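In this note's numbering, the protein residues as written are 244 to 385.
Just so it is clear, CB atoms sit at the ideal spot from N, CA and C, and this is done for glycine as well.
As the structure is a prediction and not an experimental result, all values here were calculated from the model.
Here is the structure we will look at, set down as structure tokens.
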């Protein structure tokens, strides 16, 4: 596939940018060459993936620096959508995030974002290092 896409965005760590990044995700998804089965749902899915991933980075990473920036990278190559969200917060352990409970009021808040990411993407991985945290999500586009 020679319709590769590589987008880098850096934003301040504030929730006011969520809608803008979600819209960018929708537009990117509309430009992706993928199967008809995936094409219909991908714009909404990528919007949700970016929004939920950013909410985790902004609200839950708890960066000690209020002026911290978050870096987003969206890459499409060889029929794989790869989304990475980089932050410098304290991070978390992806393996300890609970599966949210379903109740009469809907889905419980704790663990909901990661649950949504895992349901929309093929793989969700989170790594921490001295250089920061990376939430990496992949989806096959076939």
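Opening and closing residue of the alpha helix (DSSP H) in which residue i lies
i	result
residue 287	285-298
Residue i, enclosing beta strand (DSSP E) - first and last residue
i	result
residue 279	Careful: residue 279 lies outside any beta strand (DSSP E), inside the alpha helix (DSSP H) at 279-282.
residue 205	Examination of residue 205 is not possible in this model, given that the chain is present from 244 through 385 alone.
residue 361	Careful: residue 361 lies outside any beta strand (DSSP E), inside the alpha helix (DSSP H) at 355-363.
residue 370	366-372
Spatial neighbours of residue i in its chain, beta-carbon cut-off 6 Å, leaving aside the 5 residues before and after
i	result
residue 359	295
residue 325	318, 381
residue 328	296, 300, 315, 378
residue 250	317
residue 252	315
Bridge-paired residues (DSSP) for residue i
i	result
residue 383	323
residue 314	253, 329
residue 375	372
residue 248	319
Anticipated Cβ contact below 8 Å, residue i with residue j, distance rounded
i	j	result
residue 315	residue 337	Rounded, the Cβ-Cβ distance is 18 Å, inconsistent with contact.
residue 298	residue 356	6 Å
residue 254	residue 290	Contact doesn't hold; Cβ gap of about 15 Å is too wide.
Cutoff 7 Å; reference residue i; Cβ partners in own chain excluding five residues on either side
i	result
residue 285	272, 275, 277
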